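Residue numbers (the numbering used here): 132 to 532.
Written out as structure tokens, the structure is:
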């Protein structure tokens with residue numbers, strides 16, 4: 132059956148034409164032919180010029196997610212295998228693939244699909260209706276391609292339990308896509324061992340995007356006193372510990388995360404030097420300041436303070452406050468590692484917020500380096516859907532001279 136066609140309005144589709152992958156509901160002029168939500172449709176400009184093919188979902192504000200810019204290519208098993216193979220070959224060339232993100236949605240031209248590899252386990256997150264239908268083909272291709280490199284996948288778990296699925300008209304789901312297996316999976320990253328909880332951990336179980344940012348702080352930590360705020364399961368704290376820090380304090384508001392962090396510390400033989408505390412960071416930092424505590428290295432890795440443009444003002448206040456408090460705890464000449472993972476906190480606004488925090492506590496910042504997400508979370512230029520969401524700075528903090 133001939134695929135339906137979607138024509139966009141005159142003057143619409145600017146994001147798409149600039150390299151993006153999305154067409155919004157208010158950009159559609161008309162739909163010709165029979166189709167259901169989740170079907171592949173041909174996309175045309177207002178004058179009938181072909182723009183490619185994408186998945187339609189009228190329940191979503193993002194009505195079309197483009198799969199290809201070519202009008203006549205057939206979307207079949209061979210097409211999917213090429214996409215998956217290209218994604219894997221890119222990872223092999225750019226990152227340590229023992230544990231990595233293999234599919235990163237729009238940046239790998241498979242919109243709405245995320246697949247993480249933790250050693251010999253795959254964790255899948257499907258966030259869009261159209262790509263969900265291709266999930267079996269994608270996984271079949273991926274297992275085949277990995278086996279060619281001698282990698283046998285022993286289990287697959289789905290973590291499609293994000294709220295964004297509801298906006299797509301889909302139910303939230305989590306569960307095995309293979310025979311059941313132990314969902315506590317041990318991985319090694321930067322020489323640090325972790326138990327990753329792919330069933331109940333945040334997102335897919337572990338934040339792989341900070342891999343090389345964690346490695347970057349190792350050289351700052353030998354013999355130093357380190358404070359790791361929003362430690363989650365202890366990843367930055369453990370990188371400090373494995374590098375030879377004299378003492379490390381990791382803090383998180385989640386008792387479950389703290390329990391997992393302590394388990395990870397024991398796994399690495401670091402329980403004597405790496406301590407974890409369950410506390411609200413915003414409440415604890417003023418207490419540490421009042422006690423006169425000082426650290427050589429302070430790490431701030433908070434969750435996204437905003438997930439919409441509407442709450443950006445409150446997010447700015449949160450980032451300013453946490454950076455101000457963190458700087459106060461850094462010894463003169465010590466280091467601050469600070470980041471934001473919010474898409475809506477753009478690099479310019481984040482830099483401005485840090486600058487204001489430094490001025491508020493009369494500190495001067497000497498930038499050591501600026502980093503983004505690891506290469507397995509690629510940044511596709513002109514595509515806002517995979518922009519520089521992760522901003523990571525390392526500064527030396529010095530008193531005003």
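No residue lacks a Cβ here, since even glycine has one placed at the ideal position from N, Cα and C.
This structure is a prediction, so every number in the text was calculated from the model and none was measured.
- Judged by DSSP in its simplified three-state form, residue 404 adopts coil rather than helix or strand.
- With contacts defined by Cβ atoms closer than 8 angstroms, residue 466 and residue 527 form a contacting pair.
- Taking C-beta atoms as the reference points, residue 460 and residue 358 count as a pair closer than 8 angstroms.
- In the three-state DSSP reduction, residue 216 falls in the helix class (H, G or I).
- Taking residue 430 as the centre and dropping the five residues before and after it, the same chain places the C-beta of 359, 367, 468 closer than 6 angstroms to its C-beta, in chain order.
- According to DSSP, residue 299 shares a beta bridge with no other residue.
- Residue 287 is a Cβ neighbour of residue 270, given a cutoff of 8 angstroms.
- Inclusion of residue 219 and residue 193 in the CB contact set at 8 angstroms is not warranted, their separation being larger than that value.
- Between the region 393-409 and the region 476-494, the count of C-beta pairs closer than 8 angstroms stays below three; the two stretches do not touch.
- Short of 8 angstroms from the beta carbon of residue 478, and not among the five residues preceding or following it, lie these beta carbons of its own chain, in chain order: 519, 522.
- Counting along the chain, no alpha helix (DSSP H) covers residue 476, and no H or E run does either.
- Of the candidates 166, 307, 411, the residue whose Cα lies closest to the Cα of residue 381 is 411.
- Straight-line spacing of the CA atoms in residue 452 and residue 294 works out to 28 angstroms.
- In the structure shown, the three-state DSSP call for residue 210 is helix.
- Contact between residue 285 and residue 251 holds: CB atoms are separated by about 5 angstroms, below the 8 angstroms threshold.
- Distances from the alpha-carbon of residue 174 to those of 273, 151, 202 put 202 closest.
- Its chain contains 363, 409 as the residues whose beta carbon lies nearer than 8 angstroms to that of residue 385, once the 5 sequence neighbours on both sides are disregarded; these appear in chain order.
- Apart from sequence neighbours up to five positions away, the residues of its chain that approach residue 375 with a beta-carbon distance below 8 angstroms are 352, 353, 354, ordered along the chain.
- With contacts defined as CB atoms closer than 8 angstroms, residue 379 and residue 371 qualify as a contacting pair.
- Restricting attention to 133, 319, 329, the CA atom closest to the CA of residue 230 is found in 319.
- For residue 158, there is no enclosing beta strand (DSSP E), as DSSP gives it neither H nor E.
- Three or more pairs of CB atoms, one per stretch, sit closer than 8 angstroms, so the region 223-241 contacts the region 500-510.
- Per DSSP, residue 282 lies in no beta strand (DSSP E) segment and is marked neither H nor E.
- Remark: C-beta atoms of residue 471 and residue 450 approach each other more closely than 8 angstroms.
- Using a C-beta cut-off of 8 angstroms, the region 234-247 makes no contact with the region 308-317, since fewer than three inter-stretch Cβ pairs fall below that distance.
- DSSP, reduced to helix, strand and coil, places residue 311 outside both helices and strands of the structure shown, so it counts as coil.
- Per the DSSP secondary-structure output, residue 248 pairs in a beta bridge with 231, 253.
- Secondary structure within the region 313-382: the alpha helix (DSSP H) runs of 4 or more consecutive residues, fully enclosed, are 342-349, 366-373 (chain order).
- Residue 346 has its alpha-carbon roughly 34 angstroms from the corresponding atom of residue 263.
- Between residue 336 and residue 327, the alpha-carbon positions lie close to 6 angstroms from each other.
- Residue 447: member of the alpha helix (DSSP H) spanning 443-459, first to last residue.
- Between residue 188 and residue 160, the CB-CB gap reaches or exceeds 8 angstroms.
- Note on residue 454: 16 or more other CB atoms within 10 angstroms of its CB, so buried under the neighbour-count rule.
- In the DSSP assignment, residue 199 is bridged to 184.
- When the Cα atoms are used, residue 490 and residue 448 turn out to be separated by approximately 14 angstroms.
- Counting C-beta atoms within 10 angstroms of its own C-beta, residue 277 has 16 or more neighbours from the protein chains shown and is therefore classed as buried.
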